[in-house]
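In the working numbering, the protein residues as written are 4 to 241.
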C-alpha cells in the first residue's frame, strides 16, 4: 500500500514507523514547509492519504484528497462543525472517508465501555458524571476529540444531559469536561460517576503514540478499495 502523509509531525512520524514495519510505502510527506508539493499528481501516487494536521487545514486537505479520488483517513480534531459537508462530498464523488477522534484500539473499546456504563447508570440519577482529559501541551484543541466523543455518547444515553461544557458545572443538564495540559502526556481520559455512597470510574491511559499510529494504519488498510463513510467501529468489527 502506498501512503500519503498529510501532516508529518509527531503523529506522522509514528504512523510512518508503523506503516514501514507493516510493509507499506510512504510516497508523499506534507508539512508546512513543502505545501507546494501537495498537487493532484503527487497525491494520486498514493492508495490512501492519512491526514493529521490541525483544525484549520484538515477540511481543505480532506476535500483535496476526495477530489483527487484518493481515500482519506483523518485523525485531526476540532473541525467537526464541517463533518456533514465532508460526508456529503464523499458521497458526491463516490469516494472513501474515515474519521476517528481516536484511532487507538484501546480507546475504541473504552468508547464501548463508556456507552455500556452510561446505560447501566441511566436508572440511577443519584450518580453525577464528569469527564477529565489530560494531554501534552502541544495539543491545539480543548477538549480533546476523544473527550467530546465520550461526552456525546453519555448525552445520547442520559436524558437529563443536553450539552457538554469545558469547565466545572453544577447544572444538572450540563456535562462537565475538565481539560488539563501537561508536558509529554500522550493522553489520559477518565469518566467518573459520583454518588453520596460511592464512585465508579473508568480510565484509559495512553503510554505513547504507537497505539494511535497503529490504529490509523489499520484504518488505512481497511479503507483501500472501499467507497463510503466509515468509522473505527467498522475497522475493528465492534
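All C-beta atoms in this analysis are idealised placements derived from N, C-alpha and C, irrespective of residue type, glycine included.
Nothing here was measured: the structure is a model prediction, and the numbers come from that model.
Residues bridged to residue 233 by DSSP? Counting from one through the chain shown, the residue named residue 233 turns up at place 230. DSSP output for residue 233 lists 101 as bridge partner(s).
From residue 117 to residue 39, what does the alpha carbon distance come to, in whole angstroms? As a working mapping, residue 117 is identified with position 114 in the chain shown. As a working mapping, residue 39 is identified with position 36 in the chain shown. Distance between the alpha carbons of residue 117 and residue 39 is about 43 Å.
Check each candidate in 140, 152 and 167 and name the one with the smallest Cα separation from residue 187. Mapped onto the chain shown, residue 187 falls at position 184. The shortest Cα separation from residue 187 among 140, 152 and 167 belongs to 140.
When you compare each of 138, 185, 144 and 171 to residue 58 by their alpha carbons, which one comes out closest? Residue mapping note: residue 58 aligns to position 55 of the chain shown, counting from 1. It is 144 whose Cα lies nearest to the Cα of residue 58.
Are residue 149 and residue 110 touching if we call contact CB-CB under 8 Å? Indexing the chain shown from 1 puts residue 149 at position 146. Indexing the chain shown from 1 puts residue 110 at position 107. Contact: yes.
Which class does residue 201 belong to by DSSP, given the choice of helix, strand or coil? Residue mapping note: residue 201 aligns to position 198 of the chain shown, counting from 1. In the structure shown, residue 201 sits in coil (DSSP, three-state: anything other than H, G, I, E or B).
How close, in whole Å, do the beta carbons of residue 17 and residue 213 come, if the pair is a contact with beta carbons under 8 Å? What you label residue 17 is simply residue 14 of the chain shown in a count that begins at 1. What you label residue 213 is simply residue 210 of the chain shown in a count that begins at 1. Confirmed, Cβ separation roughly 6 Å.
At which residue ranges does the region 56 to 115 contain complete alpha helix (DSSP H) runs of 4 or more residues, listed in the order of the chain? 61 to 70 and 86 to 95
Per-residue DSSP class, three states only, for residue 207: Taking the chain shown and counting its residues from 1, one reaches residue 207 at position 204. The answer is strand: DSSP assigns residue 207 an E or B state.
Is the separation between the beta-carbon of residue 182 and that of residue 151 shorter than 8 Å? Taking the first residue of the chain shown as 1, we reach residue 182 at position 179. Taking the first residue of the chain shown as 1, we reach residue 151 at position 148. Cβ distance not < 8 Å, so residue 182 and residue 151 don't count as in contact.
According to DSSP, is residue 52 part of a helix, a strand, or is it coil? Residue 52 sits at position 49 when you count from the first residue of the chain shown. DSSP places residue 52 in strand when its eight states are reduced to three.
Whole-number beta carbon distance between residue 237 and residue 192, since they are thought to touch under 8 Å: The residue you call residue 192 lines up with position 189 of the chain shown. The residue you call residue 237 lines up with position 234 of the chain shown. 22 Å between Cβ atoms; not a contact.
Rounded C-beta distance between residue 95 and residue 77? I'm assuming under 8 Å. The residue you call residue 95 lines up with position 92 of the chain shown. The residue you call residue 77 lines up with position 74 of the chain shown. The Cβ separation is near 17 Å, so there is no contact.
Give the C-beta separation of residue 69 and residue 75 to the nearest angstrom, bearing in mind that I take them to be a contact with Cβ-Cβ under 8 Å. Position 66 of the chain shown holds residue 69. Position 72 of the chain shown holds residue 75. About 6 Å; that satisfies the 8 Å criterion.
Can you check which of these residues, 67, 50 and 34, is closest to residue 13 by C-alpha distance? In the chain shown, counting from the first residue as 1, residue 13 sits at position 10. Nearest C-alpha to residue 13: 34.
To test your reading of the DSSP string, which unbroken alpha helix (DSSP H) runs of 4 or more residues are found completely within the region 143 to 191? 148 to 160
For residue 28, the residue or residues it bridges with in DSSP: Looking up residue 28 in the chain shown gives position 25. Residue 28 is bridged to 5.
Closest by CA to residue 162, which one among 176, 86, 153 and 101? Numbered from 1 along the chain shown, position 159 holds the residue referred to as residue 162. It is 176 whose Cα lies nearest to the Cα of residue 162.
Using the rule of at least 16 other Cβ atoms within 10 Å of the residue's Cβ for burial, across every protein chain shown, is residue 170 buried or exposed? Numbered from its first residue, the chain shown carries residue 170 at position 167. Result: exposed.
Can you give me the C-alpha to C-alpha distance between residue 46 and residue 8, rounded to a whole angstrom? If you number the chain shown from 1, residue 46 lands on position 43. If you number the chain shown from 1, residue 8 lands on position 5. So the alpha carbons of these two residues sit roughly 9 Å apart.
Using only CA atoms, which one of 130, 196 and 107 lies nearest to residue 216? Your numbering for residue 216 matches position 213 in the chain shown. It is 107 whose Cα lies nearest to the Cα of residue 216.
If you reduce the DSSP assignment to three classes, tell me which class residue 16 lands in. Stepping through the chain shown from its first residue, residue 16 is reached at position 13. DSSP places residue 16 in helix when its eight states are reduced to three.
Since I believe residue 114 is in contact with residue 156 (beta carbons under 8 Å), could you give me their beta-carbon distance rounded to a whole number of angstroms? Walking along the chain shown from the start, residue 156 turns up at place 153. Walking along the chain shown from the start, residue 114 turns up at place 111. Right, the Cβ-Cβ distance comes to about 7 Å (below 8 Å), so this counts as a contact.
Per-residue burial, residue 127 [other beta carbons within 10 Å of its own, 16 or more giving buried]: Residue numbering aside, residue 127 sits at position 124 when the chain shown is read from its first letter. Flag for residue 127 reads exposed.
Compare the beta carbon distance of residue 112 and residue 51 with 8 Å and say whether it is the shorter of the two. Here residue 112 corresponds to residue number 109 of the chain shown, with the count starting at 1. Here residue 51 corresponds to residue number 48 of the chain shown, with the count starting at 1. Going by C-beta atoms, residue 112 is not nearer than 8 Å to residue 51.
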